[in-house]
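Only one structure is covered here, and it is reproduced in the block below.
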Amino acid sequence: MSDASGPMGTRGGTEGAGESARPAEATADASEAIDGDAPEATGAAATGAAAGGAPEGRRARVVLVDDHRMFRTGVQAEIGRTAITGVEVVGEAADVDQAVTVITTTRPEVVLLDVHLPGGGGVEVLRRCAPLMSDAESPVRFLALSVSDAAEDVIGVIRGGARGYVTKTITGTDLVDSIFRVQDGDAVFSPRLAGFVLDAFASTDAPPVDEDLDRLTQREREVLRLIARGYAYKEIAKQLFISVKTVESHVSAVLRKLQLSNRHELTRWATARRLV
Numbered sequence: 028m029s030d031a032s033g034p035m036g037t038r039g040g041t042e043g044a045g046e047s048a049r050p051a052e053a054t055a056d057a058s059e060a061i062d063g064d065a066p067e068a069t070g071a072a073a074t075g076a077a078a079g080g081a082p083e084g085r086r087a088r089v090v091l092v093d094d095h096r097m098f099r100t101g102v103q104a105e106i107g108r109t110a111i112t113g114v115e116v117v118g119e120a121a122d123v124d125q126a127v128t129v130i131t132t133t134r135p136e137v138v139l140l141d142v143h144l145p146g147g148g149g150v151e152v153l154r155r156c157a158p159l160m161s162d163a164e165s166p167v168r169f170l171a172l173s174v175s176d177a178a179e180d181v182i183g184v185i186r187g188g189a190r191g192y193v194t195k196t197i198t199g200t201d202l203v204d205s206i207f208r209v210q211d212g213d214a215v216f217s218p219r220l221a222g223f224v225l226d227a228f229a230s231t232d233a234p235p236v237d238e239d240l241d242r243l244t245q246r247e248r249e250v251l252r253l254i255a256r257g258y259a260y261k262e263i264a265k266q267l268f269i270s271v272k273t274v275e276s277h278v279s280a281v282l283r284k285l286q287l288s289n290r291h292e293l294t295r296w297a298t299a300r301r302l303v
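To convert, count from 1 in the sequence shown and add 27; that's our numbering.
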């Protein structure tokens with residue numbers, strides 16, 4: 028199990044979830060890094076960057092899945108200089124449906140996957156791409172890249188089939204290294220998150236996920252989080268591309284399964300479990 032850490036920068040800007048997926052050609056002269064300007068490396072600097080990134084001669088085709096376009100742009104600029112890093116960004120997606128389409132079309136070696144996405148979240152992407160992950164000859168492997176460091180998010184995507192989980196504080200160099208490790212089939216985690224996985228799967232005495240939370244479907248969890256964050260039903264409907272009536276049905280189901288009476292109790296329940 029490998030560790031990866033270091034400041035990569037903050038997530039910036041939001042976009043509409045309906046943005047169409049598009050292939051993203053890797054360029055060798057990208058100049059904007061996530062946390063500032065990063066001129067193209069040349070000469071000794073380029074050699075050093077390559078030494079800190081991909082093994083010599085290695086290549087990895089990568090798809091970026093994140094609902095924030097500015098963050099995707101930053102990651103593309105940071106790791107997508109193929110001549111230096113060995114990473115070729117072959118596609119991007121902003122929600123679950125786009126992600127499944129782009130991943131199926133491009134068949135990358137590695138997918139950088141955000142956990143919280145419109146349309147069902149990263150776990151839903153993993154579920155729908157399960158046949159690609161199990162391909163014996165050319166498996167598509169997933170590395171979660173998220174701002175969240177909540178235990179249930181980490182465990183959820185690992186149970187879904189992801190090979191690792193790193194947070195958005197990771198450096199570009201460490202992210203490149205993590206991509207190639209995951210491509211090779213290794214498990215890669217940010218240091219603090221590795222403990223969550225060990226605790227969840229090493230003990231047979233305790234369930235890996237909260238039993239109450241496990242009663243909820245993935246969509247119910249999405250609605251739960253948004254309710255707990257103070258979103259109105261109309262806002263949730265827009266965020267998840269569903270009707271207000273469907274939101275109401277999900278909320279009713281959540282309240283019933285958790286034996287709660289109202290959204291205030293629901294919010295306290297979610298906050299106590301660090302779901303917000």
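Beta carbons: idealized from backbone N, C-alpha and C, even for Gly. These numbers were taken from a predicted model, which means no experiment stands behind them.
Less than 8 Å between the C-beta atoms of residue i and residue j, yes or no?
| i | j | result |
| --- | --- | --- |
| VAL89 | ILE206 | yes |
| VAL271 | VAL250 | no |
| LEU216 | GLY187 | Residue identity differs from the one stated: residue 216 is Phe in this sequence, not Leu. Against a cut-off of 8 Å, the Cβ pair of GLY187 and PHE216 comes out as no contact. |
| ASP141 | ASP93 | yes |
| VAL174 | LYS195 | yes |
| ALA264 | THR294 | no |
| ALA87 | VAL129 | no |
| LEU170 | LEU144 | no |
| VAL167 | ARG219 | no |
| GLY146 | VAL123 | yes |
| LEU172 | VAL152 | no |
| LEU91 | ALA177 | no |
Run through the DSSP bridge pairs and tell me what residue i is partnered with.
| i | result |
| --- | --- |
| TYR260 | DSSP, once it has assigned bridges, lists no residue as partnering TYR260. |
| ALA87 | VAL114 |
| GLU292 | In DSSP, GLU292 forms no bridge with anything. |
| THR132 | DSSP lists no partner for THR132. |
| LEU153 | According to DSSP, which records beta bridges pairwise, LEU153 is partnered with nothing at all. |
Out of the options, which has the shortest C-alpha to C-alpha gap to residue i?
| i | options | result |
| --- | --- | --- |
| GLU179 | ARG290, VAL117, ASN289, ARG252 | ARG252 |
| GLN286 | LEU243, GLY222, ALA87 | LEU243 |
| GLU275 | GLN266, LYS284, TYR260, PHE268 | TYR260 |
| ASP239 | TRP296, THR132, ALA121 | TRP296 |
| ALA120 | ALA255, ILE111, MET97 | MET97 |
| ALA163 | GLY118, VAL150, GLU136, VAL152 | GLU136 |
| VAL150 | THR133, SER165, ALA126, GLY84 | ALA126 |
| ALA118 | GLN103, ARG108, THR112, ILE111 | In the sequence as displayed, the identity of residue 118 is Gly instead of Ala. Among GLN103, ARG108, THR112, ILE111, the Cα nearest to that of GLY118 is on GLN103. |
| THR112 | ILE185, VAL193, LEU302, ASP204 | ASP204 |
| ARG246 | TYR258, VAL281, GLY222 | VAL281 |
| LYS284 | LEU267, ASP241, HIS291, TYR258 | ASP241 |
| PHE268 | GLY148, ASP211, ARG154, GLY107 | GLY148 |
| VAL181 | THR200, GLY222, SER161 | GLY222 |
| GLY84 | ALA110, HIS95, ARG99, ASP176 | ALA110 |
| THR298 | LEU202, GLY199, GLY257 | GLY257 |
| ASP156 | VAL184, ASP176, ALA177 | Residue identity check: residue 156 is Cys in the sequence provided, not Asp. Of the listed residues, the one whose Cα sits closest to CYS156 is VAL184. |
| ARG300 | GLN266, ARG248, THR273 | ARG248 |
| ARG154 | GLY107, THR273, ALA189, ARG290 | ALA189 |
| ILE106 | THR132, ASP211, LEU202 | LEU202 |
Taking residue i as part of the beta strand (DSSP E), name the residues at either end of that continuous run.
| i | result |
| --- | --- |
| PHE169 | 168-173 |
| LEU140 | 137-140 |
Along the chain, where does the alpha helix (DSSP H) containing residue i start, and where does it finish?
| i | result |
| --- | --- |
| LEU202 | 199-210 |
| PHE268 | Per DSSP, PHE268 belongs to no alpha helix (DSSP H) and is neither H nor E. |
| GLY101 | 96-106 |
| GLU249 | 245-255 |
| ALA163 | It is not in any alpha helix (DSSP H) - ALA163 carries neither H nor E in the DSSP assignment. |
| ARG242 | Unbroken run through ARG242: none, as it is neither H nor E. |
| GLY187 | 178-187 |
Within 7 Å: the Cβ of residue i and any heavy atom of the ligand ADP?
| i | result |
| --- | --- |
| LEU302 | The ligand ADP is not part of the structure shown, which contains no ligands of any sort. |
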